[in-house]
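Sequences listed follow chains A and B, in order. In this text, residue positions in the first sequence follow the numbering used here: the first is 12, and each later residue adds one. In this text, residue positions in the second sequence follow the numbering used here: the first is 173, and each later residue adds one. Ideal Cβ positions, reconstructed from N, Cα and C, are used throughout, including at glycine. Right, one structure below, let's go through it.
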Amino acid sequence: MTPSDPATADAELIAAFIDGRLPEDEREAFLQRLDEEPALYEVFAETVRCRDELAASSAEVVEHPRSRQSSYWRVAIAAGLVLVIGIPVLMRSLSEESYGEMLADGRLDPYLTEGWYEQPWSEMRGPTPGRRDADTAFRIGVRVVDLEVALRAGRMEDAGVLTHRLEARLGGIELTEPLRASYAELGRRLDEGIGQEEALELAGSVATLTGEYLPDLQSAYRLGVWVESGALAARSDNEELLRSSWFRRELRSLRDEQFPRGFGEELEAIAQLTAGSMTEADLEALEETFSAILGAH
Amino acid sequence: MPDPQAVETIERFRALLEESLTQIERTVSWVATRLCLTGDDADEFRSWVHEKLVEDDYRVLRGFQGRSTLATYLVAVIQNLARDYRMKTWSRWRPSAAAERLGLVALQLETLRERDGFTLDEAAEILRSNHGVRMSGPELADLAAKLPARTPVRFEGDAGVATAVSEERADRGVRESERRATLANSKEALAGALAELDVLDRLVLRMYYRSGLTIAAIAAALNLEQRPLYNRRDRCLRTLKADLEDRGLNAAEVLDAVAWLDADFKVDFGLREAKDADNEPSNQVETKAEDEP
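In structure tokens form, the structure reads like this:
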């Protein structure tokens, strides 16, 4: 830092930068100095943090009537009025209209009952040496789908809980610090009450990163995503997803990989049940098969 | 005979300071919390700051040229003073990047244990009684385990928890050795990859991952739109990953080796820091912490 009075050294420069009052050439020069001078950066970062946290504690609390928000978004989705940007996990296989229909005609209602994401198979059954990371990656895949469903259905509080759990769950896998930070950020934004559209965009972006940051656990993660998606579709009688190209492609890939969990028979059964048009009995059988896979983790 | 104009100027500055008193008090309290000061220590710090603000006929305010708002200027001044106070009082000690990143409780926990020498049990009790922290003993032990290993964790409460913590520390010791073995190569590679980013991208990553600031705070400070900043962050991560892979390295392993939390992004500035070493004892502390077993 510029050697001078310790109290005021660069203080006005830092403040002017943060207030957006520096001319462009001085701003560029200051950015360069932040890059090169750790002490200057330290004071700058703490000034930013202090200003931000004091402002947050001063701000009026704004009511976020989430129940009303949820109803609004349900109607909007059903009417196809919401344009969602981003690439959520199920977007590849489940159209927006299909989501809207499922919400409007209540097919998701039996699925989205109280504690809907608190299924016995949703939590770790305890670490098994050698399998722990893969099981965790599987759980993360399951949760990523749950998060998308929660956001699509406008269940923002559920989404907040799921995001925080994803962040915690990632703590069990090494090499994922930046990804955990991304989920932590999403969780903070949900806690602050961001809207559904922005939340879906953020979640989609983070979900894409999730796959990339689990390079050695891709199979387990993909299985979790695929199984939970299939279970959702079976439970809500949605053939569109079960017959989608994504679903079939993933099934083929998982069968080819001979996924090391002894699910060969189950995967074969799913392949047969989804081969043609599905009866009510077929969908029930599918639901049982997916639950068996989920329960085995 | 005092110059009437000078007297009037001093009075004006005094009035200006009094108008800003509420904000000054809030900022000083915020800093005291982060420095883990309570009671008499907090009062001493508060008095010291006030003394600095009024000394030499309000030199701090006399130096204000109006290039920023007074409010932001005073926050920056007090952060300068806080840094000065920390160096004056605790010499070379400074919190780790990991603690800053993990948040206030982690920062306070590390301060109590590493700077003030309390055991985990004692630190936990201080946090609960003096700072309103509600985390349980095992939760605090878990948090302590995420901080750099400067001193062994001692938890004198539940034996089961102590066993679990000590076993985990043994595992961490092995992993730490492995990380350090990869650290040298990883640092050089990461420095190269970071150098390819433009200065603003590097700053965004540093503010987000090193300092744990929110995207909202970063956007406000850099006067950027918030929503595109998420994409900017993600794009930078992908660029880093691709660059590291082009160098034949596994990006996740490199990032883990430098642990993001402790990276400091100093890998880029080693030579410059050597020149500034006389004026920046805290840098030497960072280097020492990094090299500690």
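Any C-beta of chain B under 8 Å from that of A218 (chain A)
Translated into the one-based positions of the first sequence, residue 218 (chain A) becomes position 207. At a cut-off of 8 Å, the C-beta of A218 (chain A) has no neighbouring C-beta in chain B.
For E48 (chain A), which of helix, strand or coil comes out of DSSP?
Sequence index remark: in the first sequence, residue 48 (chain A) carries index 37 (1-based). Three-state result, E48 (chain A): coil.
Measuring only between beta-carbons, confirm whether G198 (chain A) sits less than 8 Å from chain B.
Residue numbering aside, residue 198 (chain A) sits at position 187 when the first sequence is read from its first letter. No, its Cβ sits nowhere closer than 8 Å to a Cβ of chain B.
Where does K413 (chain B) land, buried or exposed, given buried means 16+ other C-beta within 10 angstroms?
For the purposes of this step, residue 413 (chain B) is taken as residue 241 along the second sequence, with counting starting at 1. Here K413 (chain B) is buried: its Cβ has 16 or more other Cβ atoms, across all protein chains shown, within 10 Å.
Exposed or buried, what is P34 (chain A) when buried is set at 16 or more other beta-carbons lying within 10 Å of its beta-carbon?
Here the question's residue 34 (chain A) lines up with position 23 in the first sequence. The residue is exposed, with fewer than 16 neighbouring Cβ atoms inside 10 Å.
Compare the Cα-Cα distances from E191 (chain A) to each of A:V217, A:T58, A:Q283, A:A296 and report the closest residue.
For the purposes of this step, residue 191 (chain A) is taken as the residue at position 180 of the first sequence. Reading off the sequence, residue 191 (chain A) comes out as Arg, not Glu. It is A:V217 whose Cα lies nearest to the Cα of R191 (chain A).
Can you give me, in chain order, the residues of the segment 380 to 395 of chain B that have a beta carbon less than 9 Å from any beta carbon in chain A?
Within the segment 380 to 395 of chain B, contact with chain A at the beta-carbon level (separation under 9 Å) is assigned to Y380, Y381, R382, S383, G384, L385, T386, I387, A388, A389, I390, A392, A393, L394, N395.
Whole angstroms are fine: how far does the CA of I151 (chain A) sit from the CA of S308 (chain B)?
To locate residue 308 (chain B), count along the second sequence from 1; it is residue 136. To locate residue 151 (chain A), count along the first sequence from 1; it is residue 140. Computed Cα separation, rounded: 26 Å.
Does L42 (chain A) get closer than 8 Å to chain B when you measure Cβ to Cβ?
Your numbering for residue 42 (chain A) matches position 31 in the first sequence. Output row for L42 (chain A): interface = yes.
On the three-state DSSP scale, how would you describe M259 (chain B)?
Walking along the second sequence from the start, residue 259 (chain B) turns up at place 87. The answer is helix: DSSP assigns M259 (chain B) an H, G or I state.
Return helix, strand or coil for A26 (chain A), following the three-state DSSP convention.
Mapped onto the first sequence, residue 26 (chain A) falls at position 15. In the structure shown, A26 (chain A) sits in a helix (DSSP, three-state: H, G or I).
Out of B:D228, B:R407, B:L279, B:R374, point me to the one whose CA is closest to A178 (chain B)'s CA.
In the second sequence, residue 178 (chain B) corresponds to position 6, counting from 1. Measuring from the Cα of A178 (chain B), the nearest candidate turns out to be B:D228.
In three-state DSSP terms, what is Q177 (chain B)?
Within the second sequence, numbered from 1, the residue matching residue 177 (chain B) stands at position 5. Here DSSP, grouped into helix, strand and coil, assigns Q177 (chain B) to helix.
Just tell me which of B:A270, B:Y245, B:E216, B:R234 has its CA closest to the CA of E183 (chain B).
Along the second sequence, read from residue 1 onward, the residue named residue 183 (chain B) stands at position 11. The candidate whose alpha carbon is nearest that of E183 (chain B) is B:R234.
What are the start and end residues of the alpha helix (DSSP H) that includes W237 (chain A)?
Indexing the first sequence from 1 puts residue 237 (chain A) at position 226. It spans 229 to 246 - the alpha helix (DSSP H) in which W237 (chain A) sits, taken as one unbroken run.
Between A:S247, A:F274, A:A282, A:E276, which has its C-alpha nearest L262 (chain A)'s C-alpha?
Position 251 of the first sequence, counted from the first residue, corresponds to residue 262 (chain A). It is A:A282 whose Cα lies nearest to the Cα of L262 (chain A).
Determine the contact status of E298 (chain A) and A245 (chain A), defining contact as a CB-CB distance below 8 Å.
One-based indexing of the first sequence puts residue 298 (chain A) at position 287. One-based indexing of the first sequence puts residue 245 (chain A) at position 234. Against a cut-off of 8 Å, the Cβ pair of A245 (chain A) and E298 (chain A) comes out as a contact.
For the segment 176 to 218 of chain A, list the alpha helix (DSSP H) runs that are entirely contained and at least 4 residues long, ordered along the chain.
As far as the segment 176 to 218 of chain A is concerned, its whole alpha helix (DSSP H) runs of at least 4 residues are 188 to 203.
Comparing alpha-carbon positions, which option in B:Y381, B:W265, B:R374 lies nearest E47 (chain A)?
Along the first sequence, one-based indexing puts residue 47 (chain A) at 36. B:R374 is the residue among B:Y381, B:W265, B:R374 whose C-alpha sits nearest the C-alpha of E47 (chain A).
Chain-ordered residues of the segment 232 to 244 of chain B with a beta carbon less than 7 Å from chain A
Listed by position along the chain: V232, G235, F236, Q237, R239, S240, T241, T244.
Within 8 Å, strictly: CB atoms of E23 (chain A) and Q195 (chain B)
Against the first sequence, residue 23 (chain A) aligns to sequence position 12. Against the second sequence, residue 195 (chain B) aligns to sequence position 23. Cβ distance not < 8 Å, so E23 (chain A) and Q195 (chain B) don't count as in contact.
Among B:K224, B:L279, B:V277, B:R300, whose alpha-carbon lies nearest the alpha-carbon of N252 (chain B)?
Mapped onto the second sequence, residue 252 (chain B) falls at position 80. The residue with the shortest Cα to Cα distance from N252 (chain B) is B:K224.
Y230 (chain B) versus chain A: which residues are under 7 Å apart at the beta carbon?
As a first step, residue 230 (chain B) is located in the second sequence; it is residue number 58 there, counting from the start. What Y230 (chain B) touches in chain A: nothing, since even the nearest Cβ is about 11 Å away.
Below-8 Å beta-carbon distance, D293 (chain A) vs any chain B residue:
Along the first sequence, one-based indexing puts residue 293 (chain A) at 282. Chain B, which has no Cβ nearer than 8 Å to the Cβ of D293 (chain A), makes this no.
Assign A170 (chain A) to one of two classes, buried (16 or more other C-beta atoms within 10 Å of its C-beta) or exposed (fewer than that).
Position 159 of the first sequence, counted from the start, is the residue given in the question as residue 170 (chain A). Burial call: buried.
Would E178 (chain A) be called buried (16 or more neighbouring beta carbons within 10 Å of its own) or exposed?
Against the first sequence, residue 178 (chain A) aligns to sequence position 167. E178 (chain A) is buried by the Cβ-count criterion.
Distance between K318 (chain B) and E311 (chain B) (C-alpha atoms, nearest Å):
Taking the first residue of the second sequence as position 1, residue 311 (chain B) is located at position 139. Taking the first residue of the second sequence as position 1, residue 318 (chain B) is located at position 146. When rounded, the distance between both Cα atoms is 11 Å.
List the residues of chain B whose Cβ lies closer than 8 Å to the Cβ of D30 (chain A), in chain order.
What you label residue 30 (chain A) is simply residue 19 of the first sequence in a count that begins at 1. Within 8 Å of the CB of D30 (chain A), the CB atoms of chain B belong to S240, T241, T244, in sequence order along the chain.
Counting along the chain, where does the alpha helix (DSSP H) carrying N302 (chain B) start and finish?
Here residue 302 (chain B) corresponds to residue number 130 of the second sequence, with the count starting at 1. Run containing N302 (chain B): 292 to 303, per the alpha helix (DSSP H) assignment.
So, helix, strand or coil for G364 (chain B), using DSSP?
In the second sequence, residue 364 (chain B) corresponds to position 192, counting from 1. Helix at G364 (chain B).
Short of 8 Å Cβ to Cβ, which residues in the segment 161 to 173 of chain A face chain B?
Under the 8 Å Cβ criterion, the segment 161 to 173 of chain A contributes no residue.
Is the beta carbon of E276 (chain A) closer than 8 Å to that of V153 (chain A)?
By one-based count along the first sequence, residue 153 (chain A) stands at place 142. By one-based count along the first sequence, residue 276 (chain A) stands at place 265. No, these two residues do not count as a Cβ contact at 8 Å.
Taking just the CA atoms, how far does A195 (chain A) sit from R180 (chain A)?
As a first step, residue 180 (chain A) is located in the first sequence; it is residue number 169 there, counting from the start. As a first step, residue 195 (chain A) is located in the first sequence; it is residue number 184 there, counting from the start. A straight line joining the alpha-carbon of R180 (chain A) with that of A195 (chain A) spans about 12 Å.
For T58 (chain A), name the three-state secondary structure that DSSP assigns.
Position 47 of the first sequence, counted from the start, is the residue given in the question as residue 58 (chain A). T58 (chain A) falls in the helix class under three-state DSSP.
So, does the CB of E134 (chain A) fall closer than 8 Å to a CB anywhere in chain B?
In the first sequence, counting from the first residue as 1, residue 134 (chain A) sits at position 123. Residue placement at E134 (chain A) cannot be trusted, given a pLDDT of 45 that sits under 50; what the coordinates show is reported in the next sentence. No, no contact with chain B.
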